[in-house]
Amino acid sequence: MRSHISELEEKLFPYEFPEKINKYSNSKDFESIYKFLEELSAKEDQNYFKAAIRAGLGMKIDTNGIFPLHKACEKGNFGLVKSLLQCGCPPFYVNNNGDSGLVFASANGHLDIVKYLISYGVNKDIKNKQGISPINCASAYGQFEVVKYLHSIGANIESQDNNGSTPIILASAHGHLEIVKYLISIGANKETKDNFGCTPIISASARGHSKIVEFLVSSGANIEERSNLGDTPLLLSSFKGHLEVVRILISNGSNKDVQDNSGCTPLYLAASSGHFEIVEFLCLHGANTDIKNNSNLTPLSIALNHGHTQIVNYLNQHH
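The sequence shown begins at 1 in the UniProt record's numbering and counts up one residue at a time.
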């Protein structure tokens with residue numbers, strides 16, 4: 001090893017290369033080690049990189065159990081990924097959270113790396129400790145091309161994480177319309193529920209993703225579906241203050257006086273949260289201002305309790 005390095009050092013690192021290898025072999029400074037590997041990988045002569053890998057630098061980890069391969073997958077350094085794998089670094093290793101290089105590449109949209117890892121035999125449906133698979137990750141982060149590719153090689157489009165979320169639930173919750181449309185087009189279940197009883201349209205409504213709500217409504221999604229707490233899309237969008245979603249749901253016939261498990265209506269939730277425009281909109285569309293929840297509170301009384309003066313005045317005028 002020593003004589004091999006000495007031979008190489010005459011070309012690029014006349015004096016420094018063996019010293020750097022020794023330094024990083026005994027170092028816990030992961031960032032510096034990674035940067036060193038990046039620099040070596042970029043050199044035309046890969047003998048230097050091979051020497052570094054033989055010295056164990058490819059197996060160094062940070063405090064989260066992240067290997068150089070993981071970081072290269074995350075950053076999209078395809079050249080370094082290739083160098084690491086070609087020099088024998090395991091493609092299957094995971095960090096402390098169970099994340100593989102494939103999950104990092106999928107989350108960050110590095111399709112070339114995703115394909116390369118798959119060619120090395122990495123399981124396309126591998127999950128981390130949260131049950132998140134590459135296609136779940138790509139859907140949540142809006143990586144459309146990765147989602148399409150993973151589906152093309154047979155990845156499970158109904159893969160559930162530990163919360164029961166599937167790719168379409170994750171894409172809906174995070175506002176990725178293009179992915180939602182694609183998943184629906186290839187047969188994803190638009191009524192699937194996570195462990196909390198939330199469907200894609202419930203998830204999109206709660207986050208205010210009006211374009212996704214509009215698309216799911218047009219695709220026949222159930223706008224009166226309830227979560228485990230009895231929340232419908234209208235209840236959640238009213239509570240969160242998403243007026244455009246409320247408009248879409250009301251215009252498509254959503255029950256404006258629906259009550260959750262606590263007896264709260266959309267108007268009550270909007271009033272309690274101080275969303276005046278939604279209170280006004282619901283009242284103009286005939287919402288009942290007198291419905292009490294299980295605690296015997298009306299929209300007016302809860303608005304008064306929370307000090308929402310504008311809403312109190314409005315409800316007094318429209319009582």
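The C-beta atom is built at its ideal place from N, Cα and C for all residues, glycine as well.
7 Å CB neighbourhood of residue i in its chain, flanking five on each side removed
| i | result |
| --- | --- |
| N162 | Q130, G131 |
| S83 | S41, Q46, F49 |
| N293 | S262, G263, C264, Y268 |
| S159 | D125, S133, I135, N136, T166, P167 |
| L177 | K211, I212, F215 |
| A55 | I21, S25 |
| L183 | I157, P167, I168, A171 |
| G79 | S41, A42 |
| G77 | A small correction: the amino acid at residue 77 is Asn; Gly does not occupy that position in the sequence shown. For N77, where only same-chain residues beyond five positions count, the Cβ hits under 7 Å are E38. |
| G65 | N95, N96 |
| S27 | I33 |
Identified DSSP bridge partners for residue i
| i | result |
| --- | --- |
| V217 | The partner list for V217 (beta bridge, DSSP) is empty, contrary to what the question assumes. |
Collapsed DSSP secondary structure at residue i in the structure displayed
| i | result |
| --- | --- |
| V94 | strand |
| S152 | helix |
| S100 | strand |
| residue 367 | One cannot answer for residue 367 here, as it falls past the ends of the chain, which runs 1 to 319. |
| E38 | helix |
| C264 | coil |
| S119 | helix |
| Y24 | helix |
| I168 | helix |
| L229 | coil |
| N128 | coil |
| V258 | coil |
| E9 | Note on E9: pLDDT 47, under 50, position unreliable in the model; no value is reported. |
| C283 | helix |
| D112 | helix |
| A303 | helix |
| E145 | helix |
| I212 | helix |
| L234 | helix |
| I33 | helix |
| A105 | helix |
| L57 | helix |
| K43 | coil |
| E191 | coil |
For residue i, the nearest candidate out of the options (CA to CA)
| i | options | result |
| --- | --- | --- |
| D260 | L236, F67, I302 | L236 |
| N108 | Y120, N95, V146, L84 | V146 |
| E16 | A138, A206, F36, S227 | F36 |
| G187 | I157, G175, N195, V213 | I157 |
| N305 | I291, Y268, E44 | Y268 |
| I153 | N189, N128, K115 | K115 |
| S203 | A173, E191, G230, K190 | A173 |
| A270 | L111, G241, I201, N296 | G241 |
| V246 | G230, G220, S219, I212 | I212 |
| I61 | E44, E244, T192, D29 | D29 |
| Y93 | L111, D112, N123 | N123 |
| G286 | S272, G253, G307, T309 | G253 |
| S218 | G230, F239, K190 | K190 |
| A155 | S273, S106, V258 | S106 |
| G230 | G220, L150, T199 | T199 |
| C89 | D99, I53, S100 | I53 |
| T192 | H209, G175, R207, A221 | A221 |
| I302 | S272, S295, T309 | S272 |
| A51 | T63, E19, V312 | E19 |
Cβ shell of residue i (< 8 Å), same chain only, five flanking positions each side left out
| i | result |
| --- | --- |
| Y314 | F276, V279, E280, C283 |
| Y120 | L85, P91 |
| N255 | E224, T232, L234 |
| Y149 | L111, V114, K115 |
Residue i: first and last residue of the uninterrupted alpha helix (DSSP H) it sits in
| i | result |
| --- | --- |
| S83 | 78-86 |
| C137 | 134-140 |
| H275 | No alpha helix (DSSP H) contains H275, which DSSP labels as neither H nor E. |
| I248 | 243-251 |
| V180 | 177-185 |
| T309 | 309-317 |
| H174 | That residue, H174, is in no alpha helix (DSSP H); it is neither H nor E in DSSP. |
| N163 | Run containing N163: none; DSSP gives neither H nor E here. |
| L74 | According to the sequence as given, residue 74 is Glu; it is not Leu. Looking at the DSSP string, the run of the alpha helix (DSSP H) that includes E74 is 68-75. |
| I223 | Careful: I223 lies outside any alpha helix (DSSP H) and carries neither H nor E. |
| K50 | 47-54 |
| I201 | 200-207 |
Residues of its chain near residue i, where Cβ-Cβ distance is below 6 Å and the 5 sequence neighbours each way are ignored
| i | result |
| --- | --- |
| D194 | N163, G164, S165, I169 |
| E214 | I248 |
| S139 | V147, P167, L170, A171, I179 |
| G197 | S227, N228 |
| P233 | I201, I202, S205, I223, L249 |
| Q143 | G109 |
| N97 | N128, K129 |
| A72 | L80, V81 |
| F67 | I61, Y93 |
| I113 | C73, F78, V81, A105 |
| H318 | C283 |
Residue i Cβ short of 7 Å to the ligand PLP heavy atom set
| i | result |
| --- | --- |
| Y149 | The ligand PLP is absent from the structure shown, which contains no ligands of any kind. |
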